[in-house]
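Protein chains: 2
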Amino acid sequence: MSRKIIIVGGVAAGPKVAAKVMRNCPEDQVTVIERGEFLSYAGCGLPYYVSGVVKEQKELMSTPVGTVRDAAFFQKVKNFTVRNHTEATAINREEKSLTIKSETGEEELPYDKLILCTGASPVIPPIPGRELHGVYKLHGVEDAEGIKAVLAEKKALNCVVVGGGLIGVEMTESLVAMGCRVTMVEMLDNILPILDSEMAVLTEQHMEAKGVKVMTGTRVEAIEGEGKVEKVITSAGEIPADMVIVSIGVRPNVSLATDAGLDIGDTGAILVNGKMQTSDDDIYAAGDCVETINIVTGKGCFVPLGSTANKQGRVVANNVCGIPDTYPGIVGSSVCKVFDFNVARTGLTEKQALAEGYEVEFCLAPAPDKPHFMPSAKPLFLKLIADKKTRKLLGAQAVGLGEADKRINVAAMALHCGMDIDEFAQVDLCYAPPYSPAMDNIIAAANVMRNKLNGFMQGLKPDTVKEWVETGKDFTFLDVRSPAEYEQIHINGTLHIPLGAVRTKLDSIPRGKPVVAFCKISLRGYEAALMLKAAGYEDVYVMDGGVLMWQGEKVVG
Amino acid sequence: MSRKIIIVGGVAAGPKVAAKVMRNCPEDQVTVIERGEFLSYAGCGLPYYVSGVVKEQKELMSTPVGTVRDAAFFQKVKNFTVRNHTEATAINREEKSLTIKSETGEEELPYDKLILCTGASPVIPPIPGRELHGVYKLHGVEDAEGIKAVLAEKKALNCVVVGGGLIGVEMTESLVAMGCRVTMVEMLDNILPILDSEMAVLTEQHMEAKGVKVMTGTRVEAIEGEGKVEKVITSAGEIPADMVIVSIGVRPNVSLATDAGLDIGDTGAILVNGKMQTSDDDIYAAGDCVETINIVTGKGCFVPLGSTANKQGRVVANNVCGIPDTYPGIVGSSVCKVFDFNVARTGLTEKQALAEGYEVEFCLAPAPDKPHFMPSAKPLFLKLIADKKTRKLLGAQAVGLGEADKRINVAAMALHCGMDIDEFAQVDLCYAPPYSPAMDNIIAAANVMRNKLNGFMQGLKPDTVKEWVETGKDFTFLDVRSPAEYEQIHINGTLHIPLGAVRTKLDSIPRGKPVVAFCKISLRGYEAALMLKAAGYEDVYVMDGGVLMWQGEKVVG
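These protein sequence lines map, in sequence, to chains A and B. So for the first sequence, the numbering used here puts the first residue at 36; every next one is plus one. So for the second sequence, the numbering used here puts the first residue at 36; every next one is plus one.
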């Protein structure tokens, strides 16, 4: 009854499938084919190896008790065979065999089940000079070692990170930690496309505060230097550079699948069903090479992540062994550390939701992540996105010094369950002052959203209000914070009436034109708006997120 | 159209109802009746005020921008009236009026809607000597001030905390922080009844490591002293004491409701429907005085928490103003900080689940809360409880230095949605190395549970194995950790065969009697068990949680 199971790819999903198949069906013969040297290493840990947070390369490829996961380990402990430095070159579906090539020549391996865990490769754009010494990507142990070697040579290098995605941002932090001066160059208007622009801007500001130069809307035109990189030519000028890291994204490795005629999804990744089967029943695929379903939209997507690879690997192994298991897809959760900022999101951004055709409502809810009286409280900026029609949550974003991922995981669960905002606002989360406010930030945000969906609050983005100011629109810009807060910092051209005085000072708030009320975070702004509406004012708005989210000029002191 | 809304109780739910009613229906006349001096204070913050983490009492009763929430504030800003030092003595339901009593005499207030937010009061058992100076509860600002005054007199007091519940544990930490020697006396076998015993024991050990003497299974018989407390007499001997804190729980304040003939639930708290209406349609109730529904069991429960009070207050206000809103109940989430330990749980404990008649499966899953190569990784002990029949999650517990509440919030969401373990194991949570392992702890735990529910793993509690050892049962106690781990620490009487050698050393593992395999956390123990089963062994168990959860003797070095 011993079946031949062949797995192509030995980094993340591959070893997971192999180990789990051997646990499920110990009589099977499992072979993992790996092109490179290294197996089962934690690629996501590479930025932390570069910065020295992780001391030794070997820690990234060890078990929690320190055993290195090499071919011998897998054979002895997990009872499967690994052939590294071996490339899979073709699938012969009719004969059910895989052609492999290594130093010892070509070979044909018959399989009962074949699993493709071929991963993804970094996209390297055709920038002139990309081949210069000192230009790296960060995809694999070799890159990390190269970068570390350069860093070891001298301190305070000028580094240019091309691409403001997750890896670019993580690498930037690592390079700064190693004493480098870093410039991040991003072609789009904002870094971190996992976020909407108002949240991305907060992150950019934090990076700037940490000494990083963030150049958005900037295109890299060439990398120049004599033998090694010396400068980067961009659409916004030249940047001196001793090292360049290109991290503009990855592309699934699908040539083996394509050559074999397997179906490829619209995203360019391998198409699989819920069992992780490709269009050939005997061929499965998992990890960074497959397309998965976005549960929120029901559409295919390509979101390569280590967490997904592990779960998919398990589903493959179960199905290969006849244990029913289904991978439902993702909701789009991700998190990254950007210096002291925690940046997390799940579901759709507002931009994505609009592109998908939803009738979108949003809310911005900045607040301390614990009761204000706890010294450990830290600011956290939340944004929720909901569908006006169904009142369902569509997405959530959190950035700031506070605990972002804790809130976003809760929102991710709401997305998995298709919760509407009204249910979501009532969930029973852990509460004690060292952990969260009595109304957790995500619940407070859900309540702001309910107020909006119920028509009690008409929100305006700070950006929109800024546009009103700049275009000279005739409206009352009403600051209802306390005199002390106003003295500390305020926005020019506002009318300042502390909330407690609004009811008695209606005379000084003109009728017949729009009023935009705000405070620090716009909870009091909301209360002021309600007072005005109760007093017969008609065109009353709240500036979402208050002074904290205002990106225009502020008068300090 | 101005209605008279009267709210009894001004601490948590009361002011919430009042403020939200005024936002919803600004034309209403809202009056809050409060027996005490203080309004709208954060009772949950009191332990942190005692320890000095919160510097000033006033911070607990201020808005986030520092405005004290007194009667004047509520009148001016929120537009409702507060009458403190005023007691509500009777409800006249037929006339729809409330009798109140203050220094100025008795008065009859007519109402359109009445809301009871009468809270709960600490249970003070009839212990002789409970009236002595130096005996405190911790329920209100006055107690906190009394305790702080005693602490200010001298350092290194002997304190006895009676009752090992959430408040007792939080107070213990605060007292130790203030330099006191603390003994905790708990009548039951373990502290923290929110946890099952194996999780509570870990917390007790942590408290002991922090210098607290934890006396479980111990009854307080008397408090003795001349004028002020000097010692506590317990079933396990005398304890010298300069101060005693009694925190054995709270009881809902329902006399006003009972006298008016309103329905009371089985738990002794006021019975309300999903709209938070009592058995009188014009009388609502919210907060620590009401019974709520446990969503997991569908049964009534009494779980007074500030987070619940706030949400219920909002539901009352919406319904009072004709905005449909339903409070669904709780799932039983709570968290507390115990020195460096984070202790959280949701749903049912195993004990509760068994008492409810479920066919219970459990699993213990200790693991670092981040990838093992991240220096910021900290140990976290997880326990899941599931229903064998439906495979639904019933509860989760987490204790340790790692982030407990993050995982338990995710489990709470799964309970809200009635997720089964198979769905739960596939959820898309935020992943990056500074935050969690690629397979988050709660997902890894769910997979252990799936293995058990699928019959792949037969678990034994460390306690059960300990009993087997102590009663001389004939079985093989198989330690599959590495030689280095074994040298560092091991359990007497075990057979040590590292996992990698199990397949080749089957000869030394006797057949025909039970084998209990384990490792550090029992993942390798599980693999060993599978190897043995594949080799024809029949009676094979895994010791859940491994060495980390073993409470018996350990040989160090």
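Ideal placement from N, C-alpha and C gives every residue a C-beta, glycine not left out. All values reported here derive from a predicted model rather than from experimental measurement.
Is the shortest distance between the beta-carbon of residue i and the beta-carbons of chain A less than 8 Å?
i, result
"B:F408", "yes"
"B:N489", "yes"
"B:L534", "yes"
"B:G341", "yes"
"B:S517", "yes"
"B:M278", "no"
"B:R58", "yes"
"B:A569", "yes"
Residue i touches chain A at which residues, Cβ-Cβ below 9 Å?
i, result
"B:I365", "D463"
"B:N225", "None at all; the shortest Cβ gap to chain A is about 20 Å."
"B:D422", "What B:D422 touches in chain A: nothing, since even the nearest Cβ is about 18 Å away."
According to DSSP, is residue i helix, strand or coil?
i, result
"B:H241", "helix"
"A:M448", "helix"
"A:D514", "strand"
"B:A390", "helix"
"A:I226", "coil"
"A:P497", "helix"
"A:K540", "helix"
"A:N353", "helix"
"A:I443", "helix"
"B:D178", "helix"
"A:F109", "helix"
"B:E562", "helix"
What does the alpha-carbon distance come out to for the pair residue i and residue j?
i, j, result
"A:G200", "B:A421", "39 Å"
"A:I330", "A:M311", "16 Å"
"B:I556", "A:V325", "32 Å"
"A:G246", "A:V217", "8 Å"
"A:L173", "B:N308", "58 Å"
"A:A184", "A:V281", "17 Å"
"B:P403", "B:G435", "10 Å"
"A:N288", "A:A155", "5 Å"
"A:A54", "A:K248", "45 Å"
"B:S37", "A:L419", "35 Å"
"B:A467", "A:Y470", "21 Å"
"A:M213", "A:D579", "38 Å"
"A:V100", "B:A447", "31 Å"
"B:E166", "B:V279", "11 Å"
"A:V582", "A:V211", "30 Å"
"B:V285", "A:L541", "46 Å"
Give a yes or no on whether 8 Å exceeds the smallest Cβ distance from residue i to chain B.
i, result
"A:M448", "yes"
"A:E562", "yes"
"A:E522", "no"
"A:V103", "no"
"A:H451", "yes"
"A:P403", "yes"
"A:K111", "yes"
Under 7 Å Cβ-Cβ, which residues of chain B neighbour residue i?
i, result
"A:A544", "Going by the sequence as given, residue 544 of chain A is Ile instead of Ala. By Cβ distance, chain B contributes nothing, its closest Cβ being about 16 Å from A:I544, past 7 Å."
"A:K39", "Per Cβ cutoff of 7 Å: no residues; A:K39 is ~18 Å from chain B at best."
Mind listing the chain B neighbours of residue i? Cutoff is C-beta to C-beta under 9 Å, in chain order.
i, result
"A:L95", "P406, F408"
"A:D323", "None at all; the shortest Cβ gap to chain B is about 13 Å."
"A:A400", "Those do not exist, as A:A400 stays about 13 Å from chain B at its closest Cβ, beyond 9 Å."
Interface residues of chain B around residue i at Cβ under 8 Å?
i, result
"A:L565", "R58, P61"
"A:M474", "S342, N345, K346"
Mind pulling the chain A residues with CB within less than 7 Å of residue i?
i, result
"B:A467", "C79, V370, C371, K372"
Starting from residue i, find everything on chain A with Cβ-Cβ shorter than 8 Å and list it in chain order.
i, result
"B:M242", "Correct list: empty, because the minimum Cβ distance to chain A is about 16 Å."
Is the stretch 334-346 of chain A touching the stretch 46-65 of chain A in the sense that three or more CB pairs, one from each, lie closer than 8 Å?
-> yes
Touch check for the stretch 514-521 of chain B and the stretch 538-555 of chain B: three-plus C-beta pairs under 8 Å?
-> yes
Give a yes or no on contact between the stretch 171-189 of chain A and the stretch 291-305 of chain A, applying the rule of three or more CB pairs nearer than 8 Å.
-> no
Given 8 Å as the limit, is there contact between the stretch 313-323 of chain B and the stretch 436-455 of chain A, that is, 3 or more CB pairs closer than that?
-> no
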